[in-house]
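Shown next, in structure tokens, is the structure this report addresses.
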Amino acid sequence: MLTNTNMRMKKLILVLGVLLLLPSSVFALSTTPVPRGEFIKIILDANNVVPAATETDFEGVSPELAPYLEEMRKLGLIYYNAYSPTFNEERPFALWRSLSLLMKLEGIPVPITFDEAKFKEVFPTLVPGAFYAPTMFRAYQVGLVDPFKQAIWPINPTTEGDVAIMLANLALYEDKIDQALDTPNPSINDNTISPIQPNGSLTNSDKYPILLDVWDKITKEYVDKNKLSEDDLIFGAIEGLVNRVGDPYSVFQEPEVAAAFQNSLSNEIQGIGASLALDDAGNVVIVSPLNDSPAERAGLRPGDVVNSIDGKVITNFTLVEVVRLIQGEPGTQVRLVIKRGSSVLNFTIVRERISVASVVGEVTADDILIITVNNFGFGTASSFASFVNQTNAGNLNGVIIDLRNNPGGFLDAAVDIAGNFLAKGKVVTRLVGPTVSETEYSTGSAKLANVPTYVLMNKGSASASEILAAALHDHHQATLIGETSFGKGTVQEISTYLDSSSLKLTIAKWLTPSGINIHGTGIKPDIYVQYTDADRTAGVDPQLNKALNEIRN
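Position in the sequence shown (first residue = 1) + 493 = this note's numbering.
Set out below in structure tokens:
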């Protein structure tokens, strides 16, 4: 951490430089996004870091940025991934990511645990369990952001105004630290957690010395040891540990892969727009293609099995490895060989940058609210509530919730949406696991409790979609129409680490209000209606039509 006056002056000069980019007639901070390459140069220059390298392994990087990227890599702030070597320097970082990089560079620790009650008080519109929460709360503690004076959305692009505020407040923070260090017996409460100590069952195992010896031999004696990256070795060991668990939903994600997963919950993704999972046989299957995504337009369907990607047979590949192969820059192509039943199909799909509205709604001329939920991500519950609040519930003849091809997302979002139909205190779901025994209750207004409700679902409806459908069904608040759902009855917890890697670990099974675990079996509809390829070609939606007819008749 830098503490001298010259450094603080340099940061303030940089702030002034950013502010000078603003129109002179406007006394407001610029909302122009800052390219990630420019942001990296700004924070390294602010810390008097002089890059030594001249080249980089990253592809598509300007000569000016190359040494800065290598310096960030040397500092352990960014990571090179041979499967995805392109660094898009023009694309801005999300705000949380910029704050994370800045705090790491400054040596400001970000505890994984924090005061969730205080977080909700400070950031009432954000989710304490979200991946960005520890970073945002620490940034608030340090003073890098002020949620009472700024409009803050962690996944939005970092703007020139954001950078100006960060650097100005960082200079003030460092000044406070200096004053504290100059004071006898300073008391600074950082809420810093101690490093995790090795678990006794690991260090006491007779295999532990073998692990240490293998590490020592590889790093010292391997013939091409200079070509090895210790980070890659460690990540590989962690991935092997998690894969050995044998649970397709428990995965370790390196920083770049974790960022892609996080983006998928922010309603903007880059790729073909399909949610993937491993089935019990180890096959990679399409859970659901997103509505109007390249995957859906190409003809991919829930339940399709992926055999190969760009000519590579993916037998025994991890889900993370498959995701890496499918992801890529917009405009590039990916070739998939798909098994559907007894048929083998070939697809060539052009990747896109996809913006997905998590909730889309309309009211028909005869006062039926049709509301499509594409995922359970950031802002989904509030968007759903917004649609509901724009209608007069007393005038509605019916509600249709379309959960088809919705792969799930955050549990909290499903619970909050259920509150529009279930009275306060009614059970939405129960979680059962070694360290978890919780019951999630409705806390909503049940504004739509007396409106006839139908839920559309298919085998692409998974996870949080199934939680919502089961809750409404078990409390006799909705009739289910369509096909049997996917059958994902487990809950994953995401732990995000200081280098932005993450562990998504299955920690519990969830039960319906009636106590049933639907894992592997799914939820059967009350009214079974197929939606065939012929229907799609003809532009007919028999499942939606059935729900409309049920309400109208």
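Built from N, CA and C at the ideal position, the CB exists for glycine as well.
A quick note: this is a predicted structure, and the numbers were derived from the prediction, not measured.
Item                                                                                                                                                                              : Value
Just to confirm, are serine 958 and serine 978 a CB contact at a threshold of 8 Å?                                                                                                : yes
When you compare the segment 930-937 with the segment 905-918, are there three or more beta-carbon pairs, one atom per stretch, that lie closer than 8 Å?                         : yes
Under three-state DSSP, which class holds threonine 946?                                                                                                                          : strand
Less than 8 Å between C-beta atoms, sequence neighbours within five positions excluded: which residues of the same chain meet that for threonine 1030?                            : none
Quick one: what's got a C-beta closer than 7 Å to glutamate 747's C-beta in the same chain, skipping five residues either side?                                                   : Tyr572, Asn574, Phe728, Ser994
For arginine 897, is the classification buried or exposed, using 16 other Cβ atoms within 10 angstroms of its Cβ as the cut-off for buried?                                       : buried
DSSP state of glutamine 985, grouped into three classes?                                                                                                                          : strand
Under DSSP, the alpha helix (DSSP H) around serine 591 begins and ends at which residues?                                                                                         : 588-599
Closest Cβ-Cβ distance between aspartate 724 and chain D: below 8 Å?                                                                                                              : Within the model displayed, chain D is absent; a lone protein chain is all it includes.
Measuring CB atoms only, is the segment 840-847 touching the segment 809-824, in the sense that at least three cross pairs come out at less than 8 Å?                             : yes
I need the straight-line Cα distance from isoleucine 893 to serine 956, nearest angstrom please.                                                                                  : 19 Å
Would you mind working out which of Val944, Phe580, Ala610 sits nearest glycine 530, comparing C-alpha positions?                                                                 : Phe580
With H, G and I counted as helix, E and B as strand and the rest as coil, what does DSSP make of phenylalanine 728?                                                               : helix
For threonine 811, count neighbouring Cβ atoms within 10 angstroms of its own Cβ and tell me buried if that reaches 16, exposed if not.                                           : buried
Measure the Cβ-Cβ separation of glycine 766 and valine 778 and say whether it is below 8 Å.                                                                                       : no
Given a cut-off of 8 Å, decide if valine 881 and leucine 1078 are closer than it, judged by their beta-carbon atoms.                                                              : The structure shown does not extend to residue 1078, since the chain spans only 494 to 1046, so no value can be given for it.
Tell me whether serine 680 sits in a helix, a strand or coil according to DSSP, three-state version.                                                                              : Confidence at serine 680 is low in this model, with a pLDDT of 32, below 50, so the placement of that residue should be treated as unreliable; the coordinate-derived value is given next. Of the three classes helix, strand and coil, the one that applies to serine 680 here is coil, per DSSP.
Any heavy atom of the ligand NAD closer than 7 Å to the CB of isoleucine 1020?                                                                                                    : The model on display carries no ligand, and the ligand NAD is accordingly not part of it.
In this structure, does DSSP put tryptophan 646 in helix, strand or coil?                                                                                                         : coil
Nearest to serine 875 by alpha carbon, out of Val929, Phe612, Gln634, Ala911?                                                                                                     : Ala911
I'd like the span of the alpha helix (DSSP H) that includes arginine 817, first residue to last.                                                                                  : 812-819
Tell me whether the segment 828-841 and the segment 863-875 touch, counting them as touching only if at least three CB pairs, one residue from each stretch, are closer than 8 Å. : no
Since I believe leucine 537 is in contact with phenylalanine 551 (beta carbons under 8 Å), could you give me their beta-carbon distance rounded to a whole number of angstroms?   : About 15 Å; that fails the 8 Å criterion.
Tell me which same chain residues have a C-beta within less than 7 Å of the C-beta of histidine 1012, skipping the five on either side of it?                                     : Gly980, Lys981, Gly982, Thr983, Lys1002
Which stretch, first to last residue, makes up the alpha helix (DSSP H) that contains arginine 472?                                                                               : Outside the shown range of the chain, which is 494 to 1046, sits residue 472, and nothing can be said about it.
Apart from the five residues just before and just after isoleucine 711, which ones in its own chain have a Cβ nearer than 8 Å to its Cβ?                                          : Lys718, Leu721, Leu726
Below 8 Å CB to CB, which residues in the same chain sit around glutamine 985 once its five sequence neighbours on both sides are set aside?                                      : Tyr742, Ser743, Lys997, Leu998, Thr999, Ile1000
Mind checking which residues open and close the alpha helix (DSSP H) that includes arginine 790?                                                                                  : 787-791
May I ask you to report which of helix, strand or coil DSSP gives serine 781?                                                                                                     : strand
List the endpoints of the continuous beta strand (DSSP E) containing threonine 841.                                                                                               : 836-843
Pull up the CB-CB distance for isoleucine 802 and valine 815, whole angstroms please, since I reckon it's below 8 Å.                                                              : 7 Å
Give the secondary structure of valine 921 by DSSP, where H, G and I count as helix, E and B as strand, and everything else as coil.                                              : strand
If we count the other Cβ atoms within 10 Å of its Cβ and call it buried at 16 or more, is phenylalanine 641 buried or exposed?                                                    : exposed
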